[in-house]
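Colleague: Take this structure, written in structure tokens, and hold onto it; I'll ask about it next.
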Amino acid sequence: MTGNLLVSHKKLKAVPFDARHFFFPRRAEPLSVPAERISVCVIIPTYMPSALTLRLVRDLTHWNPRSRIIVVDDCTPEHSESMRLFDEMASASKQVSILRTSENTLKAGALNFALRYIFEEEKLWPDAILTIDDDVIIEALTIRKLVAALMSDDSLGAVCSRSGVYNKNTNILTRLQGLEYLGFNAVRLADEGFYRGPLVMHGMLTAFRGAALHDVGGFTEGHLIEDYEVTTRLKASGWNVQSSLNARAWTVVPETLRHFWRQRTRWSYGGITVVTSATNKLSVFQDVLGHTIFLLTLALVCALVLLRGGSGVPPYIAQIVIGLSVVQFVLWYVFQLWLMRMYEERDAYDWLIRLALIPEFLFSYIMTFALIGSYLFHLFSKMAHPHSGRATFGGRCIQRFSEAFRTIGYTEKQWGVRRHI
Amino acid sequence: MGCAAPHIICMLNFNGGAVGLGTSISPLGTYAGYLLLSSGNFWLAVCFLALTSACFILVVAMMCRYFVNAYRQTRKIRAA
Numbered sequence: 053m054t055g056n057l058l059v060s061h062k063k064l065k066a067v068p069f070d071a072r073h074f075f076f077p078r079r080a081e082p083l084s085v086p087a088e089r090i091s092v093c094v095i096i097p098t099y100m101p102s103a104l105t106l107r108l109v110r111d112l113t114h115w116n117p118r119s120r121i122i123v124v125d126d127c128t129p130e131h132s133e134s135m136r137l138f139d140e141m142a143s144a145s146k147q148v149s150i151l152r153t154s155e156n157t158l159k160a161g162a163l164n165f166a167l168r169y170i171f172e173e174e175k176l177w178p179d180a181i182l183t184i185d186d187d188v189i190i191e192a193l194t195i196r197k198l199v200a201a202l203m204s205d206d207s208l209g210a211v212c213s214r215s216g217v218y219n220k221n222t223n224i225l226t227r228l229q230g231l232e233y234l235g236f237n238a239v240r241l242a243d244e245g246f247y248r249g250p251l252v253m254h255g256m257l258t259a260f261r262g263a264a265l266h267d268v269g270g271f272t273e274g275h276l277i278e279d280y281e282v283t284t285r286l287k288a289s290g291w292n293v294q295s296s297l298n299a300r301a302w303t304v305v306p307e308t309l310r311h312f313w314r315q316r317t318r319w320s321y322g323g324i325t326v327v328t329s330a331t332n333k334l335s336v337f338q339d340v341l342g343h344t345i346f347l348l349t350l351a352l353v354c355a356l357v358l359l360r361g362g363s364g365v366p367p368y369i370a371q372i373v374i375g376l377s378v379v380q381f382v383l384w385y386v387f388q389l390w391l392m393r394m395y396e397e398r399d400a401y402d403w404l405i406r407l408a409l410i411p412e413f414l415f416s417y418i419m420t421f422a423l424i425g426s427y428l429f430h431l432f433s434k435m436a437h438p439h440s441g442r443a444t445f446g447g448r449c450i451q452r453f454s455e456a457f458r459t460i461g462y463t464e465k466q467w468g469v470r471r472h473i
Numbered sequence: 019m020g021c022a023a024p025h026i027i028c029m030l031n032f033n034g035g036a037v038g039l040g041t042s043i044s045p046l047g048t049y050a051g052y053l054l055l056s057s058g059n060f061w062l063a064v065c066f067l068a069l070t071s072a073c074f075i076l077v078v079a080m081m082c083r084y085f086v087n088a089y090r091q092t093r094k095i096r097a098a
């Protein structure tokens, strides 16, 4: 299987930063490529797979008979029930290859293991490389639509699927995440054509152009959120990214508050590390804006509380601030209600949650607290570094603060594998 | 690899939630307006007005891009 549509990033045109794209996104040049010419390789990194993984492999082989499927077993303990599933996956089709890492390398390590196998050992050089989490459910045409979207524009380095929640009816927390994912899809669509596209090509299901992934050298191992990190490097290398609305996939989300909190602290702190370490800040532009506005708002509210008692503010300024905030709130609320049209899995409970607003209000504040905690944890981690090895009072205090954050879920090395969530 | 990381922080929902702007920033803005009504520093008030206006423009811009892209994608899907 050798790709014949590979596009080197050297051919790509630079996308100048244009303020008009704030309101009117850039339009991609259409390109028609026959589907039979596109070679596709699917990578499924897994640790202790479940029945859902077997279902995913069977669905992939059934609906995409020309695709190569590589399942990477990230050192699942031998003699476990999961080993039987690997045998069943291997027997599903000749398209399926099962690889096994020599030690647990976590998700990015498992993905890189498969990439080395593809590029160096098998010399497959596929046009499109898809990465899929092992608990994802797809439709018959999901992969084909995703690959078609990727190949529709030479400048695209990656296209991610529209994401949904498979277990959304379990409890109110999963329902809230279902509504949240609806918003994620909307923001990704809005970011299409804005500078180089959405912030994150999610790890759940994304199609990468083989040449693009090779250009950036694969995934960064040991990172908390490898999908955001690799998207940043793709954009910095000149590739555009986008989402495909009609390529749908569903994942399993945390069902308990504890697991949910651990996931969000990982995302939140991982996001901050990506933003602070990004050499090209334009590739994380939306995040830079978001963090700046959030921190400025907090700082100004604190300053207002501390500086109460003056009388030099004309009332109309306060009225405009309140008026703009209320109008913004109403606009956003109406937009959220309008988005429900796109939520095909919605039911009366989802409508009730959205209309009531309070549950989503509380939900968003959990994440605001996770974000504030991430800022502090990042600060303490940075301050702890120069103090390491010194037994000063300040150094000990900082170490203790860092430890306190670790006990409530913050970490620099945790990964989103099944055994950890 | 049980969970994906589909999206962490974006322009409008910096705290990771799709309702972040509506439910986090707006009440803060309203509270700040209330504080400004009773008292406050003139230049802080001007800064807050500028910030609220910037935030408002970002919301409108995001919605604008959403509707333009949704229209384009729907048209493309229908044509295919």
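From first to last, the protein sequence lines are chains A and B.
Going by my numbering, the first sequence opens with residue 53, and the numbers climb by one from there.
Going by my numbering, the second sequence opens with residue 19, and the numbers climb by one from there.
Beta carbons are placed, not taken as given, at the ideal position from N, Cα and C, and that holds for glycine.
(1) With 16 other CB atoms within 10 Å as the buried threshold, where does residue 201 of chain A fall?
(2) Identify which residue in A:120, A:162 and A:389 has its Cα closest to the Cα of residue 144 of chain A.
(3) I believe residue 383 of chain A touches residue 77 of chain B by the beta-carbon criterion, under 8 Å. Please report the beta-carbon distance rounded to the nearest angstrom.
(4) Does the separation of the CB atoms of residue 95 of chain A and residue 182 of chain A fall below 9 Å?
(5) For residue 368 of chain A, count neighbouring C-beta atoms within 10 Å of its own C-beta (all shown protein chains included) and say buried if the count is 16 or more, exposed if not.
(6) Within the chosen definition, does the stretch 185–192 of chain A reach the stretch 95–112 of chain A through at least 3 CB pairs nearer than 8 Å?
(7) Please report the residue range of the beta strand (DSSP E) in which residue 181 of chain A lies.
(8) Could one say the Cβ of residue 83 of chain B lies closer than 9 Å to chain A's Cβ atoms, at least one of them?
(9) Is the Cβ of residue 460 of chain A closer than 9 Å to any Cβ of chain B?
(10) Going along chain B, which residues have a C-beta under 7 Å from residue 380 of chain A?
(11) Here's the rule: buried if 16 or more other CB atoms are within 10 angstroms of the residue's CB, otherwise exposed. What is residue 190 of chain A?
(12) Just checking: is the beta-carbon of residue 40 of chain B within a distance shorter than 9 Å of some beta-carbon in chain A?
(13) At 3 residues or longer, what runs of the beta strand (DSSP E) sit wholly inside the stretch 237–294 of chain A?
(14) For a cutoff of 9 Å on Cβ pairs, would you count residue 298 of chain A as touching chain B?
(15) Can you tell me whether DSSP reads residue 24 of chain A as helix, strand or coil?
(16) Cα-Cα, which of A:309, A:324 and A:248 is closest to residue 275 of chain A?
(17) Please decide whether residue 273 of chain A counts as near chain B, where near means a Cβ-Cβ distance under 9 Å.
(18) What does the Cβ neighbour count give for residue 371 of chain A, buried or exposed, with the cut at 16 atoms within 10 Å?
(19) For the alpha helix (DSSP H) holding residue 215 of chain A, just list the boundary residues, first then last.
(20) Taking residue 75 of chain A as the query, report the chain B residues whose CB atoms sit under 9 Å from its CB, ordered along the chain.
(21) Just the C-alpha distance for residue 391 of chain A and residue 238 of chain A, rounded to the nearest angstrom, thanks.
(22) What would DSSP say about residue 117 of chain A, mapped onto helix, strand or coil?
(23) Given this structure, state the Cα-to-Cα distance separating residue 92 of chain B from residue 403 of chain A, to the nearest angstrom.
(24) If the cut is a Cβ gap below 7 Å, which residues of chain B does residue 244 of chain A touch?
(25) Tell me, which residues are paired with residue 93 of chain A by DSSP?
(26) Let me know if residue 452 of chain A comes out buried or exposed under the rule of 16 or more other beta-carbons within 10 Å of its beta-carbon.
(27) Please report the residue range of the beta strand (DSSP E) in which residue 152 of chain A lies.
(28) Pairing CB atoms from the stretch 146–162 of chain A with CB atoms from the stretch 103–117 of chain A, are three or more of them under 8 Å?
(29) Name, please, each residue of chain B whose Cβ falls closer than 9 Å to the Cβ of residue 241 of chain A.
(30) Just the C-alpha distance for residue 75 of chain B and residue 347 of chain A, rounded to the nearest angstrom, thanks.
(31) Judging by CA-CA distance, which residue of A:366, A:351 and A:279 is the nearest neighbour of residue 326 of chain A?
(32) I want to see whether chain B comes within less than 9 Å of residue 128 of chain A, judged by CB atoms only; does it?
(33) Give every residue of the same chain whose Cβ lies closer than 7 Å to the Cβ of residue 268 of chain A, excluding the five residues on either side of it in the sequence, and list them in chain order.
(34) Taking the runs of the alpha helix (DSSP H) that are 4 residues or longer, which of them lie wholly in the stretch 390–466 of chain A?
(35) Short check: CB of residue 161 of chain A to CB of residue 125 of chain A, under 9 Å?
(36) Using a Cβ-Cβ distance cut-off of 9 Å, determine whether residue 95 of chain B contacts chain A.
Modeller: By the coordinates alone:
(1) Taking the first residue of the first sequence as position 1, residue 201 of chain A is located at position 149. Label assigned to residue 201 of chain A: buried.
(2) In the first sequence, the residue the question calls residue 144 of chain A occupies position 92. Residue A:120 is the option with its Cα nearest to residue 144 of chain A.
(3) Taking the first sequence and counting its residues from 1, one reaches residue 383 of chain A at position 331. Taking the second sequence and counting its residues from 1, one reaches residue 77 of chain B at position 59. So it is a contact: roughly 6 Å between Cβ atoms.
(4) Start at 1 with the first residue of the first sequence, and residue 95 of chain A comes out as number 43. Start at 1 with the first residue of the first sequence, and residue 182 of chain A comes out as number 130. Contact: yes.
(5) By 1-based counting over the first sequence, the position of residue 368 of chain A is 316. Flag for residue 368 of chain A reads exposed.
(6) yes
(7) In the first sequence, counting from the first residue as 1, residue 181 of chain A sits at position 129. It spans 180–184 - the beta strand (DSSP E) in which residue 181 of chain A sits, taken as one unbroken run.
(8) The residue given as residue 83 of chain B occupies position 65 in the second sequence. Chain A, which has a Cβ nearer than 9 Å to the Cβ of residue 83 of chain B, makes this yes.
(9) As a working mapping, residue 460 of chain A is identified with position 408 in the first sequence. Not an interface residue.
(10) In the first sequence, counting from the first residue as 1, residue 380 of chain A sits at position 328. Result: 44, 73, 74 and 77.
(11) To locate residue 190 of chain A, count along the first sequence from 1; it is residue 138. Residue 190 of chain A should be labelled buried.
(12) Here residue 40 of chain B corresponds to residue number 22 of the second sequence, with the count starting at 1. Here residue 40 of chain B scores only 43 on pLDDT, less than 50, and its place in the model is too uncertain to base an answer on.
(13) 257–261
(14) Position 246 of the first sequence holds residue 298 of chain A. For residue 298 of chain A, the answer is yes, since a Cβ of chain B falls inside 9 Å of its Cβ.
(15) There is no way to answer for residue 24 of chain A, as the model of chain A reaches only from 53 to 473.
(16) Residue mapping note: residue 275 of chain A aligns to position 223 of the first sequence, counting from 1. When only C-alpha atoms are compared, the closest one is A:324.
(17) Residue 273 of chain A sits at position 221 when you count from the first residue of the first sequence. No, residue 273 of chain A does not count as interfacial toward chain B.
(18) As a position in the first sequence, residue 371 of chain A is number 319, starting the count at 1. So residue 371 of chain A counts as exposed.
(19) Taking the first residue of the first sequence as position 1, residue 215 of chain A is located at position 163. Not the alpha helix (DSSP H): residue 215 of chain A falls in the beta strand (DSSP E), residues 208–217.
(20) In the first sequence, the residue the question calls residue 75 of chain A occupies position 23. Chain B residues near residue 75 of chain A: 78, 79, 82, 83 and 86.
(21) Taking the first sequence and counting its residues from 1, the one referred to as residue 391 of chain A is at position 339. Taking the first sequence and counting its residues from 1, the one referred to as residue 238 of chain A is at position 186. Taking the straight line joining both Cα atoms gives about 8 Å.
(22) As a working note, residue 117 of chain A is residue 65 in the first sequence. Note: residue 117 of chain A maps to coil in three-state DSSP.
(23) Indexing the second sequence from 1 puts residue 92 of chain B at position 74. Indexing the first sequence from 1 puts residue 403 of chain A at position 351. So the alpha carbons of these two residues sit roughly 24 Å apart.
(24) Indexing the first sequence from 1 puts residue 244 of chain A at position 192. Residues of chain B passing the Cβ test: 87.
(25) Walking along the first sequence from the start, residue 93 of chain A turns up at place 41. Partner(s): A:120 and A:181.
(26) Within the first sequence, residue 452 of chain A is the residue found at index 400, counting from 1. Residue 452 of chain A is exposed by the Cβ-count criterion.
(27) Residue mapping note: residue 152 of chain A aligns to position 100 of the first sequence, counting from 1. Unbroken beta strand (DSSP E) run through residue 152 of chain A: 148–152.
(28) yes
(29) Sequence index remark: in the first sequence, residue 241 of chain A carries index 189 (1-based). Correct list: 83, 84, 87, 88 and 91.
(30) Locating residue 75 of chain B in the second sequence gives position 57, where the first residue counts as 1. Locating residue 347 of chain A in the first sequence gives position 295, where the first residue counts as 1. About 18 Å.
(31) For the purposes of this step, residue 326 of chain A is taken as the residue at position 274 of the first sequence. Nearest of A:366, A:351 and A:279 to residue 326 of chain A, Cα basis: A:279.
(32) Walking along the first sequence from the start, residue 128 of chain A turns up at place 76. So no, residue 128 of chain A is outside the interface.
(33) On the first sequence, residue 268 of chain A is found 216 positions in, with the first residue counted as 1. Result list for residue 268 of chain A: 282, 285, 286 and 289, in chain order.
(34) 400–408, 410–439 and 445–459
(35) Translated into positions along the first sequence, residue 161 of chain A becomes position 109. Translated into positions along the first sequence, residue 125 of chain A becomes position 73. No; because the gap between Cβ atoms is not below 9 Å, this pair is not in contact.
(36) Walking along the second sequence from the start, residue 95 of chain B turns up at place 77. Answer yes: the Cβ-Cβ gap between residue 95 of chain B and chain A drops below 9 Å somewhere.
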